[in-house]
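Below: one structure, written as structure tokens.
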Amino acid sequence: MNNNDIYRQYMYSYPHKTAYREVENVSFSEVKPRIYEHDTHLYVHMPFCQSRCGFCNLFTCTGADNTFIDSYIDAIITQGRQMALAPAHW
111 MNNNDIYRQY MYSYPHKTAY REVENVSFSE VKPRIYEHDT HLYVHMPFCQ
161 SRCGFCNLFT CTGADNTFID SYIDAIITQG RQMALAPAHW
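Using this note's numbering, the letters of the sequence shown correspond one by one to residues 111 to 200.
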């Protein structure tokens with residue numbers, strides 16, 4: 111038995127998707143002015159994994175090659191730059 115087999119024994123489904131509350135539907139124009147008033151945290155999902163964990167309920171993609179992953183990262187950077195330039199009234 112190798113380490114990968116040992117870790118697979120501990121994968122389980124928790125928490126279930128229903129444990130999360132719904133996200134409030136807020137437009138970007140409402141959020142952008144507040145970004146500058148308070149500390150802001152940004153989550154960027156990187157869906158590339160070597161294996162699919164049983165407890166993970168996020169979108170994941172196993173087996174992606176480096177070219178695809180690099181393209182995804184470039185697109186995230188481009189989108190971030192575009193959003194930074196967007197007017198608050200948008």
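Glycine included, C-beta positions come from ideal geometry on N, C-alpha and C.
The shortest C-alpha to C-alpha distance from Leu168 to any of Val141, Ser137, Asp149, Tyr153 is the one to Tyr153. For Asp180, the uninterrupted alpha helix (DSSP H) segment begins and ends at 176–195. For Thr172, the beta-bridge partners assigned by DSSP are Cys159. A distance of 8 Å or more separates the beta carbons of Arg162 and Thr150. With contacts defined by Cβ atoms closer than 8 Å, Gln160 and Thr172 form a contacting pair.
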